[in-house]
Amino acid sequence: MKRVHQQSGGCCQLGHPLPGPNLVFHSNINILFESTFPRTKENCCLFPGLARLLATLPQWEEISVMDERNTPMRTYQVCNVMEANQNNWLRTRHISREGAQRVYIEIKFTLRDCNSLPGVPGTCKETFNMYYYESNNANLWFIKESQYVKIDTIAADESFTQVDVGDRVMKLNTEVRDISNLSKKGFYLAFQDLGACIALVSVRVFYKKCSLTVRNLAQFPDTITGGETALVEVHGLCVNASEEFEVPKMYCSADGGWLVPIGRCVCKPGFEENKDFCQPCRPGTYKASATDAYCNKCPAHSSSPQEQAVECTCEKGFYRAEADPRAMACTRPPSAPENPISTVNETCVTLEWSPPRDTGGRGDITYSIHCRKCSGEGRKCAPCGSSVHYIPRQYGLSSTTVQVTDLQPDSNYSFTVESQNGVSDLSPTPRGTVAVNVTTSQTVSVVLKERRSKDSVTLAWQGPERPNGVIVEYEVIYYEKNQREQNYTVLKTRSNMMTVEGLKPGTTYVFRVRARTDGGYGSYGGEIELETSHEDVFAIGDPNQSTLLAVSVAGGIVLLVFLVMCFIVSGRHCGYIKAKQDPDEEKMQFQHGRVKLPGSRTYIHPHTYEDPNQAVRDFAKEIDAANIRIERVIGAGEFGEVCSGRLRVQAKREIYVAIKSLKAGYSDKQRRDFLSEASIMGQFDHPNIIRLEGVVTRCKPVMIITEFMENGSLDTFLKKHDGQFTVIQLVGMLRGIASGMKYLSDMSYVHRDLAARNILVNSNLVCKVSDFGLSRVLEDDPEAAYTTRGGKIPIRWTAPEAIAYRKFTSASDVWSYGIVMWEVISYGERPYWEMSNQDVIKAIEEGYRLPAPMDCPVVLHQLMLDCWEKGRSDRPKFGQIVTILDKLIRNPASLRELANSSAWSDAAAADVSVNSVDEWLEAIKMGQYMENFSSSGYISLESIRYISISELAKMGVTLAGHQKKILSSVQNLQSQGTHVRV
């Protein structure tokens, strides 16, 4: 240490600190300068007494003294209190700031009370000043006093007296000050005495830092803090085997603490997170994507013998398609289709079959048809060629039926039905096939014997020479000449004679006859034109008046003519002409190409009309726009505004209606699509189906008028009145919806978008099915997606087969109805909550089903689960659902048992303290999932507090009841700490 003596402005430069100048005392503090004076034996001496030193120490002096524990320590002292105008300086060496912008100075000192010094002048001080000077020069010897920047005036919290010194009681003061916004290489500290009696025991200069840490798999280095309030942004580096998911960064605060991290790194494929690093997946596990949190067990029929697997290798005979997710089990090609059935109808064959017994573990089975025509006694067969047509198509069939047309009559064919799935192309083994041999019907040659009167005709005929099997019945079709497009009648009989009565006198009719065997219908014979008489003048068997006609027409030409005429007939209404029949005969009416049984109704698709405007005229009533009064806008539809208003009905009072208008600037296609909904609604008449009042098409704007539903959509209505209805009221709503859907199902109409948002509620809480837009119609293209008002396919409401294969049926509507039930009981909660659509699809495929909503009766949740059966044929029909709900309404006691009340039985409930995940699982009787939780990284009670349904499904907990019980217990843990109810 050096001492410098001066008459005025005395200055001493402190020597080097203790060995190791940058000693770290705290994890977030770096020492720049430490001057705790050495305690060596040669410097040990007793404090000689302050009074004797006053006369001998004109400036700061380096002195060794004893502290309160009799330990020697060195101090710098000054005590020139007897002289006025003191200005004594003590300065440190150059202190490098090492990049710190803000440093802290900690000083420890003692100070003598001026009142304890007898005879001192009034200039005695009890304070001293501290200064600093920034400089890039580390070797300055002299610094002008005016160049220093004052840090603060330092005063003692406690001072000592002569008695204290005699008793060796040291009253040490500690003060900390800071300097901010430093910019040069370093600085000098200086201490100025203006007439005090002080001893400087130690000086420590340090800065704060944010210490190295790892957060979200990103390492953040030691970081020096910024200025007084500045935050230092630090970008982290991903740890081993990890990559950036979102740029990781944190902010280092002025006090040396890290703030909340932003962004994160994720472990690369083949690695999983283990606290602050990534470890490789163990053998038997894999991780395909960096976004997956943990390694998963290899799916069925696959394995991973090595560590760090990104996917599992399929076993021999099993395969994984390129588009298959890595989490999907390896699969194999399906077996052959089963139970093939053929139905021959003239030169048309309908093939049906059952799905393969072994699907190979996949659900994407398709079928292809191969046709060969066989001839000669040796049954030589050759491909059918392009002249044969397939409906809907020959390859890539998703359904188990196909119609083959344009075959040659009286010919033998061999059809092969081939099943395949997504991995069939990867397998070297032949695909599963089943063969069907059929013979088409020959063209019927019919001999007609007729007897005519003014209102009847008697026909007689001979059957075909070589029928394809035993003839079951004959079919006679007749119509007035030139009126076929409007009216035709079909008669059936088992005999080869028929009397057709109820005809118009003097009118020409056209008759055709065909035969049906067990193999199907044969071809129609040629057309026979017969005119009824003006009077009854003929008798049966009159050789002069009877005519024997032999007609034999080539089957292909007759069939073609008939098909063309059928399509013409299918676009218009067909009337009904009465005719008396024999007891064996059965009369049926044809409408739009469909056979109509007496008393039944079938939905007619507007697209079957050649002129869509005709469908509107047939099914929707035209309303005079003058009778409509629009009052207010209540919403917006796909094609324009939706308003409420009044409709004046002739001879009736005004009624409230909803009015959908077609916005200006529409195209012809938009107009057709807009009015097609009216063409559909106009065919329905049921108290639980929205009622069409009529349309306005003869003036602008074009409008659709429906009944007004005061309470709007069901989902919004339920959310608004959460918890305000009894269970019976909710069941009543569900019963109404089911009744409306039964009506639609009976009419062969598939809704495809059944959801609470498409159910409307009136003031009497009557629920009515709505939204019959045609924008959902799917094309044959398997990639096509239909559009609804909510976007593309509503995944959360759609049956799995409809999502995967576009297979929409009444059974898929039943699945959607189960979701509607869940929405109603949960008062409009979003199905599957915040799960993504892909997570929903995957969870359903793995067997997950929505748990019962709060306070849901057991019987209702069971009905939901029945609606969500994977197999379409296993789901209830809408008629059965209506029956079940009727029974529940008649027996309210059956609704008392709640599905979620069984999770905790008040009689058996008890609080048990658990200390580990295994103990917790054992306590709630879910011990079979210990390995699942452990392998997925859930090893502490803290880690399971925020587990979700999707995480449970990923780790293999797929049973809805088990998921519900685990989540209920997790909620209990969140509120009770380590106590769980069992």
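Residue numbers (full-length UniProt numbering): 1 to 982. We put the beta carbon where it would ideally sit given N, CA and C, even for glycine.
Check, Outcome
"Does the Cβ of Q420 have 16 or more other Cβ atoms within 10 Å, making it buried, or fewer, making it exposed?", "buried"
"Confirm, please, whether the CB-CB distance from V438 to V349 is below 8 Å.", "yes"
"Using the DSSP secondary-structure output, state which residues sit across from Q279 in a beta bridge.", "E272"
"With distances taken from CA atoms, which of V824, V642, A804 and K663 is nearest T726?", "V824"
"For T401, which residues does DSSP report across the bridge?", "E352"
"Decide yes or no for the touch test of the stretch 199-215 against the stretch 115-124: beta carbon pairs closer than 8 Å, at least 3 of them.", "no"
"Determine the contact status of G284 and S303, defining contact as a CB-CB distance below 8 Å.", "yes"
"Please list the terminal residues of the continuous alpha helix (DSSP H) segment that includes N932.", "M930 to S935"
"Just to confirm, is the Cβ distance from V232 to T223 under 8 Å?", "yes"
"Do the stretch 686-706 and the stretch 803-823 meet, that is, are 3 or more Cβ pairs less than 8 Å apart?", "no"
"Have a look at residue 986 and G871 and give me their C-alpha separation to the nearest angstrom.", "In the structure as shown, the chain starts at 1 and stops at 982, and residue 986 therefore has no counterpart that could be examined."
"Determine the direct distance from the alpha carbon of V840 to that of E834, and round the result to whole angstroms.", "10 Å"
"Between which two residues does the beta strand (DSSP E) containing V436 stretch?", "T433 to T439"
"Do D113 and S159 have their CB atoms nearer than 8 Å?", "yes"
"Would you mind giving the Cβ-Cβ distance between R177 and I105, rounded to the nearest angstrom? I have them listed as a contact below 8 Å.", "5 Å"
"Tell me where the alpha helix (DSSP H) around H607 begins and ends.", "Per DSSP, H607 belongs to no alpha helix (DSSP H) and is neither H nor E."
"Can you tell me where the beta strand (DSSP E) with F717 in it begins and where it stops?", "Run containing F717: none in the beta strand (DSSP E); it sits in the alpha helix (DSSP H), L714 to K720."
"What's the C-alpha gap between I759 and D753?", "10 Å"
"Buried or exposed for D542, going by 16 or more other Cβ atoms inside 10 Å?", "Any reading at D542 is ruled out, since the residue's pLDDT is 39, under 50, leaving its predicted position unreliable."
"With three or more beta-carbon pairs closer than 8 Å as the criterion, would you say the stretch 426-436 touches the stretch 382-390?", "no"
"When DSSP labels each residue in this structure, what does Q971 get in the three-state scheme?", "helix"
"Would you say the stretch 741-753 touches the stretch 841-850, given that touching needs at least three Cβ pairs under 8 Å?", "no"
"Where are the alpha helix (DSSP H) runs, 4 residues long or more, that stay fully inside the stretch 846-881, in chain order?", "858-867"
"Using a Cβ-Cβ cut-off of 8 Å, state whether K870 counts as contacting chain B.", "No chain B appears in this structure, which consists of one protein chain only."
"So what does DSSP say about residue 1011, is it helix, strand or coil?", "This structure cannot speak to residue 1011, because the chain is shown only from 1 to 982."
"Are the stretch 172-189 and the stretch 140-155 in contact at 8 Å, needing three or more beta carbon pairs?", "yes"
"Enumerate, from N- to C-terminal direction, the unbroken beta strand (DSSP E) stretches of 3 or more residues contained entirely within the stretch 87-148.", "88-91, 103-111 and 127-135"
"Grab the span of the beta strand (DSSP E) containing Y479 for me, first residue to last.", "I471 to E480"
"Locate the alpha helix (DSSP H) running through V310, then write down its first and last residues.", "Neither: V310 is in no alpha helix (DSSP H) and is coded neither H nor E."
"Label Y395 either buried or exposed according to how many other C-beta atoms from any shown protein chain fall within 10 Å of its C-beta, with 16 as the threshold for buried.", "exposed"
"Return the CA-CA distance between Y609 and I704, expressed in angstroms with no decimal places.", "20 Å"
"Is S916 helix, strand or coil when you go by DSSP?", "coil"
"Can you tell me which of the three DSSP states F220 falls into?", "strand"
"Who pairs with D178 in a beta bridge, going by DSSP?", "Y104"
"Taking its Cβ as the centre, do 16 or more other Cβ atoms sit within 10 Å of T291, making it buried, or is it exposed?", "exposed"
"I need the straight-line Cα distance from E919 to K965, nearest angstrom please.", "15 Å"
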